[in-house]
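Presented below is the structure to which this report refers.
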Amino acid sequence: MNFDLSNEQKAWKKIVHDFVAKEIKPKAREVDEQEEFNWEAVRKGGPIGLLGMSIPEAYGGSNVDAVSGAIATEELGWGCGSTALALTAHNGLGTAPIALYASEELKKKWLPLVAEGKNKLGALALTEPGAGSDLQGGVITKAEKQGKEWVINGAKMWCTNASIAEYIITLVRTDPQGGSKSLSMILVPTNSKGLQIGPAEKKMGVRGSPASGVTYDNVRVPLDNLIGPEGRGLQQTLATLDAGRISIGAISVGLAQAAMEAAVNYARERKAFGQAISEFQATQFKLADMAMEIELARTMISKAAWLKDEGRPYNKEAAMAKLFATEMAERVCYEAIQIHGGYGYSREYHVERMYRDARLMTIGEGTSEIQRLVIARHVLASE
Ligand SMILES: Cc1cc2nc3c(=O)[nH]c(=O)nc-3n(C[C@H](O)[C@H](O)[C@H](O)COP(=O)(O)OP(=O)(O)OC[C@H]3O[C@@H](n4cnc5c(N)ncnc54)[C@H](O)[C@@H]3O)c2cc1C
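Here the sequence shown stands for residues -16 to 366, where the numbers follow the numbering used here.
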């Protein structure tokens, strides 16, 4: 494994870093306070390729490799958890399944529309009011064939980007008998009759990334809106989540990096007992642990992404990287607040927002418990 980035990857990292520093990071607090999606910056991200990271160039995307995707996602997380989450949901969840599994017609119709930042984004609705971790057993949103159409009925929850999306890729039950071949993915345009997108959920963190409940009341879409073969929805979902876990881990590394940088700056300036608090060994040990944990998480993310680029299995490594990086980000943000003392608890300082944003990461795209189940399955299978 090569630990050095290629020249192309280094150049990409700089482009994204500079863009995030200029357009996204300065708005992070406002986005959180106002609970508003940063459309302005996201639209500007289209031309540099941030909206087409999973989309082949033939359909208007930048189609970056997994390592470059992780690099960009870390930079986004460094700038703003909300914007990073929305773009990750768009790239990884809302466009990748189309690029990987959909018909040529669907790719041509929908991917260019969402790759450039001129229109709305993509979204993926898996979770339901009664099912999150257990999609195979729990999904009750169903699609039935009637003539040349699917008729969809049911409800989804926590759909990131639903209110700012052109379409929602929806996981539905197409075989009422159940089992691992009973789910399918269907593309549902957001202007479909009978589709209702609820108001954005009131959240603890990532408040500038809208997530809504969605209801389907006899929503009709063409049979051709099926993504991949009928009955492959669960397998397509699991593969999508493997890649998504690298991204959620990368956002977490970015959040932790930003929190550490804030803590370093504060520790140099704040005086107590006649000296900067950075002079206390207790502060230095906290910073050392932060730096070490961030480096380790980044390395784990890079390895999982590299395996993906090599076309090798990476299910275990993605689960490990997501689990470690997300729990690490919480620890780092916690200590960054501690170093800020009382100011760290104030909304005047950025670290409290980062802590709230990081808290989501151990839940979305598979909870920590589910990552441990995935890892344990591999461990037990190898003995
Ligand atoms: C801000 C936000 C954005 C989101 N965006 C999206 C999105 O864009 N699309 C989408 O489809 N979903 C989205 N989600 C939903 C998210 O993926 C789910 O919340 C997550 O998968 C967990 O599912 P759940 O909430 O139903 O929890 P549950 O599955 O009910 O789990 C509850 C608890 O039980 C534990 N648990 C469950 N099963 C087991 C087990 N077998 N062993 C041990 N412990 C277990 C879990 O780890 C958890 O601690 C989002 C959620 C949030 C909060």
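Beta carbons: idealized from backbone N, C-alpha and C, even for Gly. All values derive from a computational prediction rather than experimental measurement.
Checklist entry - Based on Cα-Cα distance, which residue from Gln218, Gly137, Glu23 and Glu127 lies nearest to Glu6? => result The residue you call residue 6 lines up with position 23 of the sequence shown. That would be Glu23, whose Cα lies nearest to the Cα of Glu6.
Checklist entry - What three-state label does DSSP hand Thr220 in the structure shown? => result Locating residue 220 in the sequence shown gives position 237, counting from the first residue. Of the three classes helix, strand and coil, the one that applies to Thr220 here is helix, per DSSP.
Next on the checklist: Please return the same chain residues whose Cβ sits closer than 8 Å to the Cβ of Met(-16), not counting the five positions on each side in sequence.
Outcome noted: Mapped onto the sequence shown, residue -16 falls at position 1. Residue confidence for Met(-16) is low, a pLDDT of 49 falling below 50, so the modelled location carries little weight; the figure read from the coordinates is stated next. Taken in chain order, the residues that qualify are Lys286 and Trp289.
Next on the checklist: Is the beta carbon of Ile277 closer than 7 Å to that of Ala239?
Outcome noted: Reading the sequence shown from its first residue, position 256 is the one you call residue 239. Reading the sequence shown from its first residue, position 294 is the one you call residue 277. The criterion of a C-beta distance shorter than 7 Å is satisfied by Ala239 and Ile277.
Checklist entry - Taking DSSP as the reference, what is the three-state secondary structure of Met243? => result If you number the sequence shown from 1, residue 243 lands on position 260. Here Met243 sits in helix by DSSP.
Next on the checklist: Please report the straight-line C-alpha distance between Arg295 and Met344, rounded to a whole angstrom.
Outcome noted: Here residue 295 is taken as the residue at index 312 of the sequence shown, counted from 1. Here residue 344 is taken as the residue at index 361 of the sequence shown, counted from 1. C-alpha separation (whole angstroms): 25 Å.
Item to check | Any non-hydrogen atom of ligand 1 closer than 6 Å to Ser116 Cβ | outcome: Sequence index remark: in the sequence shown, residue 116 carries index 133 (1-based). Result yes, Cβ under 6 Å from ligand 1.
Item to check | Inter-residue spacing [alpha-carbon to alpha-carbon] between Leu96 and Lys103 | outcome: For the purposes of this step, residue 96 is taken as residue 113 along the sequence shown, with counting starting at 1. For the purposes of this step, residue 103 is taken as residue 120 along the sequence shown, with counting starting at 1. Leu96 and Lys103: Cα-Cα distance of roughly 8 Å.
Checklist entry - Around the Cβ of Gln354, are there at least 16 other Cβ atoms within 10 angstroms (buried) or fewer (exposed)? => result The residue given as residue 354 occupies position 371 in the sequence shown. Flag for Gln354 reads buried.
Item to check | Three-state class that DSSP yields for Met36 in the structure shown | outcome: Within the sequence shown, residue 36 is the residue found at index 53, counting from 1. In the structure shown, Met36 falls within a coil segment according to DSSP collapsed to helix, strand and coil.
Item to check | Where the beta strand (DSSP E) through Ala106 begins and ends | outcome: Here residue 106 corresponds to residue number 123 of the sequence shown, with the count starting at 1. From DSSP, the beta strand (DSSP E) with Ala106 extends over Leu104 to Ala108.
Next on the checklist: Given the structure, does Leu59 come close to ligand 1, in the sense that its CB is under 6 Å from one of the ligand's heavy atoms?
Outcome noted: Numbered from its first residue, the sequence shown carries residue 59 at position 76. Answer for Leu59: no, Cβ out of range of ligand 1.
Checklist entry - Taking one C-beta from the segment 215 to 225 and one from the segment 159 to 178 each time, how about it: are there three or more such pairs within less than 8 Å? => result Counting C-beta pairs with one atom in each stretch, the segment 215 to 225 and the segment 159 to 178 have three or more that are closer than 8 Å, which means they touch.
Checklist entry - Would you say Cys63 touches ligand 1, meaning its beta carbon is less than 6 Å from a heavy atom? => result Here residue 63 is taken as the residue at index 80 of the sequence shown, counted from 1. No, ligand 1 has no heavy atom inside 6 Å of this Cβ.
Item to check | Coil, strand or helix - Ile367 by DSSP | outcome: Absent from the structure is residue 367, since the part of the chain shown begins at -16 and ends at 366.
Checklist entry - For Met311, does the three-state DSSP call read helix, strand or coil? => result Sequence index remark: in the sequence shown, residue 311 carries index 328 (1-based). DSSP, reduced to helix, strand and coil, places Met311 within a helical segment of the structure shown.
Checklist entry - Which word fits Ser163, buried or exposed, when buried means at least 16 other C-beta atoms lie within 10 angstroms of its C-beta? => result Position 180 of the sequence shown, counted from the start, is the residue given in the question as residue 163. Ser163 comes out exposed.
Item to check | Three CB pairs or more closer than 8 Å across the segment 323 to 335 and the segment 73 to 88 | outcome: Because the criterion of three Cβ pairs below 8 Å is not met, the segment 323 to 335 and the segment 73 to 88 do not touch.
Next on the checklist: Would Asn201 and Val134 qualify as a contact pair, given that the criterion is a beta-carbon distance under 7 Å?
Outcome noted: Stepping through the sequence shown from its first residue, residue 201 is reached at position 218. Stepping through the sequence shown from its first residue, residue 134 is reached at position 151. Result yes, Cβ atoms of Asn201 and Val134 sit closer than 7 Å.
Item to check | Where Cys142 falls: helix, strand or coil (DSSP) | outcome: If you number the sequence shown from 1, residue 142 lands on position 159. DSSP places Cys142 in strand when its eight states are reduced to three.
Checklist entry - What three-state label does DSSP hand Tyr332 in the structure shown? => result Position 349 of the sequence shown holds residue 332. In the three-state reduction of the DSSP assignment, Tyr332 falls in the coil class.
Next on the checklist: Need the endpoints of the alpha helix (DSSP H) that Ser351 sits in, please.
Outcome noted: Position 368 of the sequence shown, counted from the first residue, corresponds to residue 351. Its alpha helix (DSSP H) spans residues Ser351 to Ala364.
Next on the checklist: So Lys139 and Glu111 are supposed to be a Cβ contact under 8 Å. How far apart are they, rounded?
Outcome noted: Residue 139 sits at position 156 when you count from the first residue of the sequence shown. Residue 111 sits at position 128 when you count from the first residue of the sequence shown. Cβ atoms of Lys139 and Glu111 come within 8 Å of each other, at about 6 Å.
Checklist entry - In the structure shown, what three-state DSSP assignment does Met(-16) receive? => result The residue you call residue -16 lines up with position 1 of the sequence shown. Its pLDDT being 49, under 50, Met(-16) is placed unreliably in this model, and the coordinates cannot settle the point.
Item to check | Beta-carbon proximity list for Lys(-7), same chain, < 8 Å, skipping 5 on both sides | outcome: Locating residue -7 in the sequence shown gives position 10, where the first residue counts as 1. Apart from sequence neighbours up to five positions away, no residue of its chain approaches Lys(-7) with a beta-carbon distance below 8 Å.
Checklist entry - Considering Asn201, what are the terminal residues of the beta strand (DSSP E) in which it resides? => result Along the sequence shown, read from residue 1 onward, the residue named residue 201 stands at position 218. First-last of the beta strand (DSSP E) with Asn201: Ala194 to Pro205.
Item to check | Same chain, Cβ closer than 7 Å to Pro39, neighbours up to 5 away in sequence not counted | outcome: Translated into positions along the sequence shown, residue 39 becomes position 56. Correct list, in chain order: Asn46 and Ala82.
Next on the checklist: Looking at ligand 1, does it come within less than 6 Å of Thr143, judged from the CB to the closest heavy atom?
Outcome noted: Position 160 of the sequence shown, counted from the first residue, corresponds to residue 143. The answer is yes for Thr143.
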